[in-house]
Ligand code: UGA
């Protein structure tokens, strides 16, 4: 099938590459000429394991193209995906200007009837709004059908999530559109949930809100475990084996970050408010998360009388491993606070180190060398559970640091391993090792 994808951000690029991989003829369109130039040279514009190889393979097979020209990219296509960003507005609501612009661009360019699929995360009701924009601007006689098809991939495991996802959700008002999209996705062999458009839009928000709730819930349990002498890892294991609860997303830590959970939970609270529904549960989830990011700093302040002149090694900048994304990362809160408190901060990240100065204005040093970050440090703070940090022997801290005091926001090491090393160790929801 001939397909166009508008927007080459995380979702758009991965979708375009994956659809080409299963045999479709795909053109990705983006208004950013520099991005298109890089993509045309076979250089992926996001960091995602395995994406570069798959992209190049499909470009070489003439199944995957990139352009900044809508007329070129939309020529003769049967299905158009809108996968542009819906960033957060100051009031917490989703900013739809890019989705609306994509709809106008499509309408002005279309010469044949098509299906427009909205993959961007949008508030309930947006698909209908977009259909109205297209119908108001499209040439007479051209039929545009709309489908909602939310995305569930995670950064860092985007390809695995796309090819081995739990479900594909398609929301349409007419069965024929549903059947055509079923054909598009057939090679994936993933169960398809066909539903109405509003329910499909809600499935996306509800899923992210529920996962965020699981994280804030286990973080609150962790905070209580610390007070009562229990171990949250044991508690999460014991809870998760009940299949009604499940083990996933019960990892306590310094809270969720990234471009999705913070934005989508705020947008759902806002959407509920617009309909006179006070979503108190979700408001608490957000509040717990904000507090969780500050908890690690509070522990540090309790431990040290003053941080003035102390050398602090921050391990990890990205909001989670296997991505160079710093959006809503706890690092953005923690590093400026450390600098404010007078600390001399050196930050390590294997992939995102060079993004530090772009995102954080407070003076700090950034390095891709973990040994350099730890050498002579008075304490270390773990923000991201990168595999190389988790693999490191706890003893390394004792060997390299001036005083081996570790605040682990991701529970990277087992308490028994830490006890073997000569380090002072504070983690989340587990007994401290002093
Ligand atoms: C999330 C969802 O998991 C995807 O299904 C969804 O498609 C995506 O948002 C989106 O809306 O586009 P993502 O933000 O890439 O994906 O990352 P996750 O792996 O879900 O992690 C989000 C945050 O939660 C990270 O900061 C992570 O460290 C944190 N987390 C996750 C925990 O603190 N504990 C856990 O048990 C799991």
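In this note's numbering, the protein residues as written are 2 to 435.
Glycine is no exception: its CB is placed at the ideal position from the N, C-alpha and C atoms.
These figures come from a predicted structure and were not determined experimentally.
Checklist line | Cβ pair count under 8 Å reaching 3, the stretch 43-56 against the stretch 80-94 | finding: no
Next item on the list: Classify residue 199 as helix, strand or coil using the three-state DSSP reduction.
Entry: helix
Check: When we look at the beta-carbon of residue 303 and count the other beta-carbons within 10 Å, is it buried (16 or more) or exposed?
Finding: exposed
Next item on the list: Just mark residue 435 as buried or exposed, buried being the case when its beta carbon has 16 or more other beta carbons within 10 Å.
Entry: exposed
Margin query: Tell me the DSSP secondary structure of residue 415 in three-state form.
Written below: coil
Next item on the list: List in chain order: all unbroken beta strand (DSSP E) runs of 3+ residues lying wholly within the stretch 341-373.
Entry: 345-349, 366-368
Margin query: Which residue marks the beginning of the beta strand (DSSP E) containing residue 146, and which one marks its end?
Written below: 145-149
Notebook entry, point to check: So, residue 336 versus residue 365, is the Cβ gap smaller than 9 Å?
Noted result: yes
Check: Do three or more CB pairs link the stretch 316-334 to the stretch 378-388 at distances below 8 Å?
Finding: yes
Note to self: Less than 6 Å between C-beta atoms, sequence neighbours within five positions excluded: which residues of the same chain meet that for residue 170?
What the structure shows: 151, 194, 201, 204
Checklist line | CA-to-CA distance, residue 75 to residue 312, given in whole angstroms | finding: 55 Å
Notebook entry, point to check: By Cβ distance below 6 Å, which residues in the same chain neighbour residue 414 in space, the five residues on each side in sequence not counted?
Noted result: 395
Check: Residue range of the alpha helix (DSSP H) that residue 52 falls in?
Finding: 52-61
Check: Of all the options 408, 379, 94, 164, which has the alpha carbon lying nearest to the alpha carbon of residue 402?
Finding: 379
Notebook entry, point to check: To which residues does DSSP link residue 172 through a beta bridge?
Noted result: 149, 196
Check: Helix or strand or just coil, what does DSSP make of residue 250?
Finding: coil
Next item on the list: Measure the alpha-carbon distance for residue 369 versus residue 357 and round it to whole angstroms.
Entry: 11 Å
Notebook entry, point to check: Per DSSP, which one or two residues make a beta bridge with residue 443?
Noted result: As shown, the chain starts at 2 and ends at 435. That puts residue 443 outside it, with no answer to give.
Notebook entry, point to check: Using CA coordinates, which residue listed in 238, 264, 241, 174 is at the minimum distance from residue 207?
Noted result: 264
Margin query: Among 30, 289, 78, whose alpha-carbon lies nearest the alpha-carbon of residue 475?
Written below: Residue 475 is absent from the structure shown; the chain starts at 2 and stops at 435.
Next item on the list: Using 10 angstroms around the beta-carbon of residue 243, count the other beta-carbons present and answer buried if the total reaches 16, otherwise exposed.
Entry: exposed
Check: Do you know offhand how far residue 5's Cα is from residue 184's?
Finding: 16 Å
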